[in-house]
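Asker: What follows is a single structure, and I will ask about it in a moment.
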Amino acid sequence: MAIDERRTLFATTTLGRMFVLRRYDPPGEPLTHELSLYDDYLSPAPKELSLPDALQKSFDSEAEAVAQVRQHWHEQVGPFEDVRLGHRMTFDLAEALRQGSLKPLRASMSAEEVVDLLGLPEDVAPTSKPGCVRWFYGAVQVHLEDGRFRSLQVEDAVESFTTLDFTGWFLKPSMTKRRLEGALKSRGIPFTREGQVISVPGGFLFDFHAEVDRLHAFSWNPPRAVACPLSPFPT
Numbered sequence: 016m017a018i019d020e021r022r023t024l025f026a027t028t029t030l031g032r033m034f035v036l037r038r039y040d041p042p043g044e045p046l047t048h049e050l051s052l053y054d055d056y057l058s059p060a061p062k063e064l065s066l067p068d069a070l071q072k073s074f075d076s077e078a079e080a081v082a083q084v085r086q087h088w089h090e091q092v093g094p095f096e097d098v099r100l101g102h103r104m105t106f107d108l109a110e111a112l113r114q115g116s117l118k119p120l121r122a123s124m125s126a127e128e129v130v131d132l133l134g135l136p137e138d139v140a141p142t143s144k145p146g147c148v149r150w151f152y153g154a155v156q157v158h159l160e161d162g163r164f165r166s167l168q169v170e171d172a173v174e175s176f177t178t179l180d181f182t183g184w185f186l187k188p189s190m191t192k193r194r195l196e197g198a199l200k201s202r203g204i205p206f207t208r209e210g211q212v213i214s215v216p217g218g219f220l221f222d223f224h225a226e227v228d229r230l231h232a233f234s235w236n237p238p239r240a241v242a243c244p245l246s247p248f249p250t
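Numbering (this note's numbering), first residue to last: 16 to 250.
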């Protein structure tokens with residue numbers, strides 16, 4: 016189920032820093048807008064910066080946050096835009112599994128190419144491995160390594176999508192290996208099982224919690240192209 020409303024905005028400063036304004040409206044709690052500032056937001060090593068004292072972090076409205084940035088930031092700031100940039104890709108989950116692909120996404124595509132397909136991520140998080148970072152598009156985590164697409168993952172079968180949307184989502188947080196196998200068989204999707212992991216050709220994986228028979232994550236790790244070996248014979 017795609018989330019269609021405008022909820023995350025970005026604006027770039029003249030020095031290349033980026034403001035990100037995220038809307039939060041959890042059930043039963045007041046609507047808030049949270050402002051953050053980053054260096055190298057789309058790089059393999061993004062860094063969140065402290066806001067100046069004159070700028071607060073939380074606002075009641077988008078307009079209030081934008082007005083405060085215009086008033087208190089010392090350099091010119093571009094327009095605040097929706098991170099989606101008008102992009103969206105939609106996949107039928109069962110068909111993608113049968114095809115073994117999420118084309119036009121592919122292994123080793125550049126970060127710029129990912130943005131051209133999906134827009135900017137709503138959030139970013141470097142990992143403990145140098146050069147590796149996670150980009151968040153709703154519940155979908157896109158993993159990049161040295162500025163290149165490596166994999167994507169959805170934890171706990173959360174059905175909350177933005178520019179990367181799945182229709183026919185049949186995964187559930189409580190799904191057991193047996194139930195998932197039945198769902199795959201009924202949809203004509205080939206698979207193999209080894210321990211806590213169910214694999215589908217093309218790099219799709221379903222891994223389960225070790226302590227309980229419950230789905231932990233759905234991921235896609237597309238195989239990387241392998242260069243042809245050089246001929247041992249002179250030409």
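Cβ atoms here follow ideal geometry from the backbone N, Cα and C, with glycine treated the same way. What you are looking at is a predicted structure, and each value in this text was computed from that prediction instead of being measured.
1) Helix, strand or coil, according to DSSP, for V215 in the structure here?
2) Since V98 contacts E137 with CB under 8 Å, what's their CB separation in whole angstroms?
3) Counting Cβ pairs, one atom from each stretch, are 3 or more of them under 8 Å apart for the segment 189-206 and the segment 214-226?
4) For F206, which residues does DSSP report across the bridge?
5) Kindly list the residues whose CB is nearer than 7 Å to the CB of I204, restricted to its own chain and excluding five residues on each side of it in sequence; keep chain order.
6) So, with DSSP's three-state summary, where would you put D131?
7) Taking the alpha helix (DSSP H) that R163 belongs to, which residues open and close that run?
8) Can you list, in chain order, the residues of its chain whose CB lies under 6 Å from that of F151, leaving out five sequence neighbours each side?
9) Work out the CA separation of Q91 and T142 for me, nearest whole Å.
10) Leaving aside the five residues before and after S175 along the sequence, list all residues of the same chain whose C-beta is less than 6 Å from its C-beta, in chain order.
11) Find out if the Cβ-Cβ distance for the pair D75, K62 is shorter than 9 Å.
12) Note down, in chain order, each residue of its chain lying with its Cβ closer than 8 Å to the Cβ of L70, except the 5 sequence neighbours on either side.
13) Would you mind reading off the limits of the beta strand (DSSP E) that contains R37?
14) G217 CB to nearest chain B CB: under 9 Å?
15) So, do the segment 165-183 and the segment 232-239 have three or more beta carbon pairs nearer to each other than 8 Å?
16) Could you name each continuous beta strand (DSSP E) segment of 3 residues or more that falls completely within the segment 56-94, going from the start of the chain to the end?
17) Identify which residue in S166, R22, L36 and G146 has its Cα closest to the Cα of P238.
18) Just to confirm my understanding: we take R149, look at its own chain, exclude 5 residues before and 5 after, and list those with CB closer than 6 Å. What are they?
Answerer: Based on what the coordinates show:
1) Position 200 of the sequence shown, counted from the first residue, corresponds to residue 215. V215 falls in the strand class under three-state DSSP.
2) Taking the first residue of the sequence shown as position 1, residue 98 is located at position 83. Taking the first residue of the sequence shown as position 1, residue 137 is located at position 122. At roughly 6 Å, the Cβ-Cβ gap stays under 8 Å, so V98 and E137 are in contact.
3) yes
4) Locating residue 206 in the sequence shown gives position 191, counting from the first residue. In DSSP, F206 forms no bridge with anything.
5) For the purposes of this step, residue 204 is taken as residue 189 along the sequence shown, with counting starting at 1. Result list for I204: A109, L112, R113 and V215, in chain order.
6) Looking up residue 131 in the sequence shown gives position 116. Note: D131 maps to helix in three-state DSSP.
7) Numbered from its first residue, the sequence shown carries residue 163 at position 148. Counting along the chain, R163 falls outside any alpha helix (DSSP H), though it belongs to the beta strand (DSSP E) covering R163 to E170.
8) For the purposes of this step, residue 151 is identified with residue 136 of the sequence shown, where counting begins at 1. Result list for F151: P136, E137 and D138, in chain order.
9) Counting from 1 along the sequence shown, the entry for residue 142 is found at position 127. Counting from 1 along the sequence shown, the entry for residue 91 is found at position 76. Near 31 Å, if we compare the C-alpha coordinates of Q91 and T142.
10) To locate residue 175, count along the sequence shown from 1; it is residue 160. Closer than 6 Å at the Cβ level, and outside the excluded window around S175, lie G153 and A154.
11) By one-based count along the sequence shown, residue 75 stands at place 60. By one-based count along the sequence shown, residue 62 stands at place 47. No, these two residues do not count as a Cβ contact at 9 Å.
12) Taking the sequence shown and counting its residues from 1, the one referred to as residue 70 is at position 55. Taken in chain order, the residues that qualify are L50, Q83, V84, H87 and W88.
13) Along the sequence shown, read from residue 1 onward, the residue named residue 37 stands at position 22. M33 to Y39 is the extent of the beta strand (DSSP E) around R37.
14) Chain labels in this structure do not include chain B; a single protein chain is all it has.
15) yes
16) 62-64
17) As a working note, residue 238 is residue 223 in the sequence shown. Comparing Cα positions, the closest option is S166.
18) Position 134 of the sequence shown holds residue 149. A140, Q156 and H158, listed in sequence order.
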